[in-house]
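Residue numbers (the working numbering): 700 to 1441.
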Ligand code: ADP
Ligand code: MG
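Set out below in structure tokens:
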């Protein structure tokens, strides 16, 4: 799109009613020219037909409160800002306490209900803001007071100018733009922005359509230019909604086109090794398993076998909660590859996990005459050379290891399938490195190896469609039948003695327990219990009859691994630990997990911690300990966003469900997408208008349209797709960024 005028630093300064100061304030908010103004969409709308009435908002709050106490945590809606429009009916300054004053404004709307606005500070200033009979816009987080009156404490107040009020009363939908403090102080009003936008709509003529005709007519979208205009000045609610949908759709659509291009490019450019479906080895193992595979496991194996026959390299992400049985799926896949004459490798993030895989996998395949080897960093050099020789010669069928797998000197023999466990612990670069070593090892170099990535961290649908949008996805939702669901309970600190009694009972029955703390060293600021300090207390006083071990993040990795190993070998009964046990190992005999200061942990983190138990045949228990006063606060407050209530929401969600996918969805609502993916995996595209959480259905539509197009026409050469290609090329810089992040 062309910029209106590029000659000046602040071209808007020359527009009527703006001037240099205002232009600067606008520029600081990202509005430098008319073109930017077009994309400065209103943050909300005033519409008599859609705004909350006081009555409806009140009912919503009462219902939310009800849900909050019931167990339906998945349905919970976090109450965000709400806006109501109402007339001021009374203004009262109330004295209370000694010399304290409270400003109480009563307002009412045509739902015949009233609300109160309370100002506790700067009461004189706010008092002068209001006049009786005036219509105002009130935005804030509403509460109900003890008489069930709708109450806003220090909300944001937006006064409506007289002629706007008239339009509003007549049923027009008025845009409300967000104005920075600086904009306001320089006299930039809603009205001025509207005038500028309307100027921009008249002047910027070359707004180019960027969606294929077929999609526009299929979804009855307004054309691009109209949609932009309607977003600023909606002629009707219907057109506003359609325009919003359209603009969000195009944002998602272009991102999905890029993902689809990447997805199909791999498939087109790279040739995948074809494995014959029938595998005697896999069949033998399958028939000798002491359990029946779950339907999900069978389904995923079929999906993988189909990839193997497709002639394209597999790039599949297998998601399944802890304990859902991913390993056996991986083993069956490896056996198919081995039967076809290929070597396979499985990589895990820690040595101990690799060792555990080695034991498990070897146990499965030994009888079949399949050779496994373990390759980790701590293996002595002399032995390592022997192991590498075995790998290079092809005598080894399954290589199991850690980062050591992509050391330069490890040369594989016809490595056709690579499996990465806990894939989020590895970077994209490491995956690429393994791909390179594998490709070099193939007898026929024209092929690419198959990849299976596994993750025990359930990821909400919306994130798999964006962050993992170029991978095929398999999911294990169903748990093996023999599993006893973990029992989870939230308790308060004053119950700790009983908790410890309970733990001792389990220990006396021969079980082991984890006790987890948030931090390592005592932090004065946060007043957190420290694992080190409590370790002393627990081992010397509470559990003096038992053996205790300590594990924390400041230990060296080999120290950590040896502690875990000792716990596994039952050298002690209680493991006092920080969150480093998150990616721990399978200690089937550990049946109790006590998490202290549980309010400090994120929901997904709590779920990961809980995954350490419930791995054997005995009933397991997860006990989440939190502060006593949370119990009472929780009953008193309805404002879910308050820290302690959010904490209780997390803890109660843990009590309510063991389903990692449900937990992930709740967590996404609470924290938003950025925090869920964590530091290693940030770099989600920054959608300007669309919201991947709220607009997930639209995202899904845009994805399927984009993938259909690229599948049919990978190079976007047909007449109706040329446009897409052109726009992508124009936006190349941005697209490069996308490519690097996904
Ligand atoms: P994860 O998905 O966490 O890696 P594992 O593959 O380690 O889970 O499986 C956990 C345990 O469940 C293992 O002991 C495995 O042998 C067992 N298991 C896997 N599938 C089934 C099944 N269908 N029925 C019963 N047990 C199973
Ligand atoms: Mg596993």
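Note that beta-carbon positions come from the ideal geometry of N, C-alpha and C, so glycine has one too.
For clarity, every value in this text was computed on a predicted model and none was experimentally measured.
Cross-strand partners of residue i (DSSP beta bridge)
{"i": "residue 1019", "result": "1175"}
{"i": "residue 1292", "result": "1213 and 1321"}
{"i": "residue 781", "result": "839"}
{"i": "residue 850", "result": "815 and 842"}
{"i": "residue 857", "result": "836"}
{"i": "residue 751", "result": "783"}
{"i": "residue 789", "result": "805"}
{"i": "residue 743", "result": "875"}
{"i": "residue 1273", "result": "1212 and 1247"}
{"i": "residue 800", "result": "794"}
{"i": "residue 1046", "result": "1100 and 1119"}
Beta carbon of residue i nearer than 9 Å to that of residue j
{"i": "residue 733", "j": "residue 889", "result": "no"}
{"i": "residue 1234", "j": "residue 1293", "result": "no"}
{"i": "residue 1189", "j": "residue 1325", "result": "yes"}
{"i": "residue 1132", "j": "residue 1090", "result": "no"}
{"i": "residue 1075", "j": "residue 1044", "result": "no"}
{"i": "residue 913", "j": "residue 926", "result": "no"}
{"i": "residue 801", "j": "residue 787", "result": "no"}
{"i": "residue 999", "j": "residue 1173", "result": "yes"}
{"i": "residue 1444", "j": "residue 1161", "result": "Summary: the structure shown does not reach residue 1444, with the chain confined to residues 700 through 1441, and so no result is reported for it."}
{"i": "residue 1141", "j": "residue 1032", "result": "no"}
{"i": "residue 1063", "j": "residue 1030", "result": "yes"}
{"i": "residue 856", "j": "residue 831", "result": "no"}
{"i": "residue 1360", "j": "residue 1196", "result": "no"}
{"i": "residue 954", "j": "residue 1401", "result": "yes"}
{"i": "residue 1280", "j": "residue 1246", "result": "no"}
{"i": "residue 942", "j": "residue 911", "result": "no"}
{"i": "residue 992", "j": "residue 1024", "result": "yes"}
For residue j and residue i, the rounded distance between their alpha carbons
{"i": "residue 713", "j": "residue 851", "result": "41 Å"}
{"i": "residue 861", "j": "residue 785", "result": "14 Å"}
{"i": "residue 719", "j": "residue 1167", "result": "46 Å"}
{"i": "residue 900", "j": "residue 783", "result": "29 Å"}
{"i": "residue 967", "j": "residue 1011", "result": "8 Å"}
{"i": "residue 905", "j": "residue 923", "result": "11 Å"}
{"i": "residue 956", "j": "residue 1065", "result": "46 Å"}
{"i": "residue 817", "j": "residue 841", "result": "11 Å"}
{"i": "residue 1017", "j": "residue 1153", "result": "5 Å"}
{"i": "residue 1028", "j": "residue 873", "result": "57 Å"}
{"i": "residue 917", "j": "residue 884", "result": "46 Å"}
{"i": "residue 990", "j": "residue 1418", "result": "55 Å"}
{"i": "residue 1446", "j": "residue 997", "result": "Here the chain covers residues 700 to 1441 and nothing more, so residue 1446 does not appear."}
{"i": "residue 1203", "j": "residue 1289", "result": "13 Å"}
{"i": "residue 798", "j": "residue 826", "result": "17 Å"}
{"i": "residue 771", "j": "residue 844", "result": "Bear in mind that the predicted position of residue 771 carries a pLDDT of just 46, short of 50, making it unreliable; the figure below should be weighed with that in mind. One C-alpha to the other measures close to 24 Å."}
{"i": "residue 1047", "j": "residue 1118", "result": "9 Å"}
{"i": "residue 1170", "j": "residue 1248", "result": "41 Å"}
{"i": "residue 1407", "j": "residue 959", "result": "9 Å"}
{"i": "residue 1298", "j": "residue 1217", "result": "9 Å"}
{"i": "residue 1391", "j": "residue 1201", "result": "43 Å"}
{"i": "residue 1215", "j": "residue 1295", "result": "6 Å"}
{"i": "residue 849", "j": "residue 759", "result": "11 Å"}
Neighbour-count burial assignment, residue i, 16 or more Cβ in a 10 Å radius
{"i": "residue 1236", "result": "exposed"}
{"i": "residue 1072", "result": "buried"}
{"i": "residue 1421", "result": "exposed"}
{"i": "residue 672", "result": "Given a span of 700 to 1441 for the chain in the structure shown, any question on residue 672 remains unanswerable."}
{"i": "residue 717", "result": "buried"}
{"i": "residue 761", "result": "exposed"}
{"i": "residue 1423", "result": "buried"}
{"i": "residue 1107", "result": "exposed"}
{"i": "residue 715", "result": "exposed"}
{"i": "residue 1054", "result": "buried"}
{"i": "residue 1416", "result": "exposed"}
{"i": "residue 1451", "result": "No answer is possible for residue 1451: it lies beyond the span of the chain, which begins at 700 and ends at 1441."}
{"i": "residue 1148", "result": "buried"}
Residue i at chain C interface by Cβ criterion, 9 Å
{"i": "residue 1184", "result": "Here chain C cannot be found, since the structure has a single protein chain."}
Secondary structure, beta strand (DSSP E): runs of 3+ residues fully inside the stretch 951-1024
1014-1019
Every unbroken alpha helix (DSSP H) inside the stretch 1116-1164 [4 residues or more]:
1127-1140 and 1160-1163
Check: Could you give the uninterrupted runs of the alpha helix (DSSP H) lying entirely in the stretch 857-898, keeping only those of 4 residues or more?
Finding: Listed in chain order, they are 861-868 and 880-884.
Exercise. Going along the chain, which unbroken runs of the alpha helix (DSSP H) with 4 or more residues stay wholly within the stretch 1073-1113?
Worked result: 1080-1092
>> For a minimum of 3 consecutive residues, which ranges assigned as the beta strand (DSSP E) are wholly contained in the stretch 1391-1419?
In response: none
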